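Here's the structure, in structure tokens; my notes come after.
Numbering (UniProt numbering), first residue to last: 1 to 517.
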């Protein structure tokens, strides 16, 4: 693993706010997926010449056990949920064969990877759907380095809900800037099994208002505070009016999983006192934000959607919206047993918790998870400062204004500038152009907007300019007139999906294209 020194000690959230107001290769194979430790790719996956690596993936239906006594008909890559974690080297050329053993078509999207447009996995745009019994070959160079993932892009709501997703880790060609001793990958998901209490949806968003940056609901909570603020959040952001807007045929999610399992079926994470432990956190959920906390420990955010920060930023908990990824470190300095869990109401009770157990303390009794975010320092977009890793622009600067709306009176119609895809107006760019995009959310639900094929910089959230931009491929645009400004260099030619990553919103029409020539 990398041994490069970190660029200075990690800042705490409070220190960052105070300062900003004044003006080895990470090749650990001890990873978790599908509730079990996974080694590196098998010999069968590694067949091929030195110049190209071959990997084989099969989609098929499974009867998956989320927890003891709770089974569900699901879909899986290679028979497991999440699918097998793929570990690639930056710049490595891979040929991945997808065999479809489902009774319906499917595709794979390589989320956060700069693949050629024909390999992007969007049916009807970049490829034909892979029919039952067919095999499709994806071939690309693994770039950029970082925590990525792969998932279906066919009938996204249904197939993603049923388990077609998996981690994809691209290891950097240079030593990792943030050394660690042990590593785990954790994939969070929401499930509708019809056997438990429905978990309230996350509708408002987490880009900044909960952490004090602004937005209508943030201002109301700030002005009213206490129980009144929480009541308004409940009425408009957690249920109440929020659920009146756009429920349509939405699933009632009642089970929350980590690596395909709900507690007590989640597999404990073993650590040793004195270690620095890296967690790669991926939100594969269709509908829920997960606010992840490790009891008794602080978390140091090091990467946003796989892209490294200049230095770690220390917080108590990390909100992760659908499709986002965060890498965090923690110091294993408090021997015992501790729960890593989601603090959102109802999530831990629905299964979203896993034990972190120190060696020699296997008999320790952990404290029960404590719900709620009161008093916690939360990560948000204004805290980070990304390394300068994105390509520079060489062409024209082009500006776009995208109004996100829909979901009125129970409808699942979702629009961009008043239009549903495929009638939305594309962003037309030439290679090298700099695109500046402002999102403004006129709806009562947050929208995690994801751009295929290239990453972007977040410049401004809810009218507040960030001290330094952060690099991502997904951004949460808060409900109730939230806004986000981003920019990206159009470096990867093709027709690229730009859409809300809540599948019900995507299927309802909240999609446009970035057409780069």
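Quick reminder that beta carbons are idealized off the backbone N, C-alpha and C, glycines included. All figures in this text were calculated on a predicted structure; none of them were measured in a lab.
Taking only beta-carbon positions, decide if residue i is within less than 9 Å of chain B.
i: residue 305; result: Here there is only one protein chain, and chain B is not present.
Which first and last residues belong to the alpha helix (DSSP H) in which residue i is found?
i: residue 506; result: 503–507
The beta strand (DSSP E) that contains residue i, what's its start and end?
i: residue 55; result: 53–67
i: residue 70; result: 70–77
i: residue 109; result: 109–111
i: residue 355; result: 353–358
i: residue 311; result: 307–315
i: residue 115; result: Note, residue 115: premise wrong, no beta strand (DSSP E); not H, not E.
i: residue 457; result: 456–461
i: residue 464; result: 464–472
i: residue 321; result: Neither: residue 321 is in no beta strand (DSSP E) and is coded neither H nor E.
i: residue 438; result: 434–441
i: residue 327; result: 325–331
i: residue 300; result: 299–304
i: residue 100; result: 93–100
i: residue 515; result: 511–516
i: residue 270; result: 269–271
i: residue 405; result: 397–406
i: residue 135; result: 135–141
i: residue 146; result: 146–151
For my contact list, residue i and residue j are in at a C-beta cut-off of 8 Å; report their separation, rounded to the angstrom.
i: residue 350; j: residue 479; result: Contact flag wrong, Cβ pair sits at about 23 Å.
i: residue 348; j: residue 429; result: Contact flag wrong, Cβ pair sits at about 44 Å.
i: residue 253; j: residue 198; result: 7 Å
i: residue 271; j: residue 182; result: 6 Å
i: residue 324; j: residue 448; result: 7 Å
Once you ignore the five residues that flank residue i on each side, which residues in its own chain have a CB closer than 6 Å to its CB?
i: residue 392; result: none
i: residue 492; result: 114, 453, 454
i: residue 376; result: 316, 317
i: residue 238; result: Reliability of the predicted coordinates at residue 238 is poor, the pLDDT of 35 falling under 50, and no value is obtained from them.
i: residue 86; result: 168
i: residue 163; result: 74, 75, 76, 81
i: residue 172; result: 90, 145
i: residue 56; result: 97
i: residue 515; result: 426, 428, 495
i: residue 189; result: 257, 284, 285
Measure the Cβ-Cβ separation of residue i and residue j and say whether it is below 9 Å.
i: residue 53; j: residue 95; result: yes
i: residue 403; j: residue 417; result: yes
i: residue 361; j: residue 470; result: no
i: residue 519; j: residue 407; result: Within the shown structure, residues of the chain are numbered from 1 to 517, placing residue 519 beyond reach of any answer.
i: residue 379; j: residue 422; result: no
i: residue 481; j: residue 505; result: no
i: residue 333; j: residue 303; result: no
i: residue 291; j: residue 476; result: no
For residue i, which of the options has the nearest alpha-carbon?
i: residue 268; options: 339, 59, 276; result: 339
i: residue 98; options: 191, 496, 77, 91; result: 77
i: residue 191; options: 279, 442, 288, 354; result: 288
i: residue 284; options: 159, 170, 63, 270; result: 159
i: residue 175; options: 195, 202, 146, 167; result: 146
i: residue 327; options: 102, 179, 445; result: 179
i: residue 314; options: 321, 464, 330, 140; result: 330
i: residue 502; options: 472, 387, 445; result: 445
i: residue 463; options: 440, 205, 204, 510; result: 440
i: residue 405; options: 397, 432, 483, 165; result: 483
Can you find the residues in the same chain that come closer than 8 Å, C-beta to C-beta, to residue i, ignoring five residues on each side of it along the sequence?
i: residue 109; result: 120, 121, 122, 150, 151, 152, 153, 452
i: residue 67; result: 255, 261, 262, 263, 264, 265, 351
i: residue 295; result: 338, 339, 340, 341, 366, 367, 369, 370
i: residue 561; result: Residue numbering for the chain in the displayed model covers 1 to 517; residue 561 lies beyond these limits and cannot be assessed.
CB-CB under 7 Å to residue i, same chain, minus the five flanking residues each way: which ones, in chain order?
i: residue 466; result: 381, 382, 458, 459, 460
Any heavy atom of the ligand PLP inside 8 Å of the beta-carbon of residue i?
i: residue 97; result: With respect to small molecules bound, the structure shown includes none, and the ligand PLP cannot be examined in it.
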